[in-house]
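Going left to right, the sequence shown walks through residues 7 to 388 as the working numbering numbers them.
Heads up, the beta-carbon is just placed ideally off N, CA and C, and yes, glycines get one too.
Read through the structure below, which is laid out as structure tokens, and then see the notes.
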Amino acid sequence: MNTSPFKFGVTVSEASFANRTREIQKLYENLTQGVNTAIISPRRWGKSSLVEKVIQEIRQKEKGIKITVIDLFSATNEEEFLELFARESIKASSGKWEEWMQSGKRFFKQLVPKFSVGIDPATDFSVSFDWSELKKHQDEILNLPEKMAAQKKVKFIVCLDEFQNLASYPDYEKLEKKMRSVWQRQKHVTYCLYGSKRHMMTDLFNSPSKPFYRFGDILPLDKIATEHWVAFIRENFSKTGKSIDDKAAEMIPFMMKNHSWYVQQLAHYTWQLTAKKASRREVEKALEELIHTNIPFYQKEIERLSATQLNLLKAIQAGEYKLTASAVMQTYRLGTPRNVSKNKTKLINADIIHDVQGKFEFLDPAFEKWFLKQYHNKSFYY
Ligand SMILES: Nc1ncnc2c1ncn2[C@@H]1O[C@H](COP(=O)(O)OP(=O)(O)O)[C@@H](O)[C@H]1O
Ligand SMILES: [Mg+2]
């Protein structure tokens with residue numbers, strides 16, 4: 007049996023990658039020409055995949071550029087972030103792990119790095135510092151890529167994924183100022199910063215009072231358009247000896263509102279349920295399966311909400327957008343205008359809704375379908 011051509015839950019950059027031609031070109035140009043870039047979109051739309059794709063192209067075509075991709079997801083405080091930043095920068099500077107240790111002597115003046123190397127240095131190499139020293143000499147770490155690049159006469163691209171994570175550190179504002187002031191002066195390093203808390207990310211880069219204001223270009227990542235999804239789905243069915251009729255191929259992005267992760271997931275289930283040719287029936291069955299597997303998450307999500315938050319979600323679901331109009335507040339029992347505004351913020355911060363030109367939408371299209379059935383008893387295929 008064939009394996010499914012549709013992938014979700016991992017970054018996709020080769021076989022399972024759809025379109026994004028314009029964004030690829032733009033990001034490629036920016037990063038190779040020294041333009042710092044921030045990419046912003048809700049989670050699971052494709053930021054990490056896009057960066058991975060572009061990085062692969064740069065690696066193939068531009069030999070004089072060293073690249074590091076650092077995922078800040080697991081760095082829970084400033085010290086961990088700085089250690090991670092140091093380790094990954096050192097690793098990116100050379101293909102030989104013996105050289106990594108020498109960097110320690112050459113590039114640090116104040117700090118004394120402790121290296122540890124396991125059986126496989128490529129995956130098991132770490133750098134640690136005395137944490138009280140680390141805080142005093144952040145510059146030394148933040149400047150590491152620049153120093154290494156200058157010495158080796160190469161350029162560096164540093165990609166920081168889940169950048170908004172930094173904002174949860176206690177001393178974040180100081181760190182933010184420091185990063186900007188150090189990075190701004192660097193001549194050989196270009197930064198690509200991306201994350202999914204849109205309000206926080208936009209605020210970070212667009213607000214004149216913040217250090218990262220005008221640090222570089224902002225690339226808001228949109229959803230992939232229907233025509234590209236349809237072509238992608240058809241192509242991948244036919245590549246694996248199956249086919250899908252036009253209606254069914256259009257239904258998949260339509261049902262999932264073009265959400266990258268979910269389009270892949272629904273296409274995957276449809277593909278699995280198809281012997282030869284997929285039609286509407288397979289997509290409908292696949293959708294039921296998809297929602298079914300996700301129910302435990304959705305229930306948990308709902309359990310975390312208060313009564314007025316849940317009511318607000320129902321109002322949004324019904325298409326209301328004047329949420330503080332008294333008729334709306336009464337019909338849906340939303341509480342006071344203050345409740346509404348607090349609850350709105352809560353739902354946004356929890357990644358449940360986002361605002362699209364003054365209106366609110368569910369971020370998760372499958373959750374929305376489940377919600378609709380749960381609270382309005384509507385079918386999944388409305
Ligand atoms: N260009 C793309 N083509 C096809 N599928 C994609 C694309 N970008 C993202 N996806 C799908 O969406 C999922 C989430 O993508 P990811 O890059 O991890 O998003 P983000 O970093 O924004 O959270 C992937 O696992 C994949 O299934
Ligand atoms: Mg990501």
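- A direct Cα-Cα distance of roughly 38 Å separates F366 from E85.
- Using a C-beta cut-off of 8 Å, the segment 82-96 makes no contact with the segment 59-66, since fewer than three inter-stretch Cβ pairs fall below that distance.
- Those residues that have a beta carbon less than 6 Å away from any non-hydrogen atom of ligand 2 are, in order along the chain, K53, S54, D167.
- For G110, the uninterrupted alpha helix (DSSP H) segment begins and ends at 103-113.
- Taking one beta carbon from each stretch, the segment 186-193 and the segment 91-102 have fewer than 3 pairs nearer than 8 Å; the two do not touch.
- Within its own chain, the residues whose Cβ lies closer than 6 Å to the Cβ of M207, once the five positions on either side in sequence are excluded, are I46, Q170, G201, listed in chain order.
- Judged by the Cβ position, G124 fails to qualify as a neighbour of ligand 1 at the 7 Å threshold, every heavy atom of the ligand being at least this far.
- If you draw a straight line from the Cα of V346 to the Cα of F368, it is about 16 Å long.
- An exposed status is given to K282, since fewer than 16 other beta-carbon atoms sit within 10 Å of its beta-carbon.
- Here the alpha carbon of H194 sits roughly 16 Å from the alpha carbon of F113.
- Between I230 and Q144, the alpha-carbon positions lie close to 39 Å from each other.
- Judged by the Cβ position, G15 qualifies as a neighbour of ligand 1 at the 7 Å threshold, a heavy atom of the ligand being closer than this.
- Assigned with DSSP and collapsed to three states, H382 falls in helix.
- Runs of the alpha helix (DSSP H) spanning 4 or more residues and lying entirely within the segment 62-137 occur at 84-99, 103-113, in chain order.
- In this structure, the C-beta of V188 stays at least 7 Å away from each heavy atom of ligand 1.
- Remark: the C-beta of S80 is outside contact range of ligand 1, defined as less than 7 Å to any heavy atom.
- Distances taken from the Cβ of A24 to the heavy atoms of ligand 1 include one shorter than 7 Å.
- Looking at the DSSP output, D223 shares a beta bridge with T43.
- Closest option to W376, judged by alpha-carbon separation, among I301, S312, G247, P48: I301.
- Under the 10 Å beta carbon count, P371 is surrounded by 16 or more other beta carbons and is classified as buried.
- Nearest neighbour of E307 by Cα position, chosen from L353, T337, S19, turns out to be L353.
- V164 is positioned such that its CB atom lies no closer than 8 Å to that of P176.
- Distances between the C-beta of S266 and the heavy atoms of ligand 1 include at least one below 7 Å.
- Relative to ligand 1, the beta carbon of V18 is positioned inside 7 Å of a heavy atom.
- Apart from the 5 residues on each side of it in sequence, E29 sits with its Cβ closer than 8 Å to the Cβ of L56, L225, L227 in its chain, given in chain order.
- If you check the C-beta of W51 against ligand 1, you find a heavy atom less than 7 Å away.
- Per DSSP, the unbroken beta strand (DSSP E) holding Y197 starts and ends at 195-201.
- For secondary structure counted as the beta strand (DSSP E) over 3 or more consecutive residues, the segment 266-332 holds no complete run.
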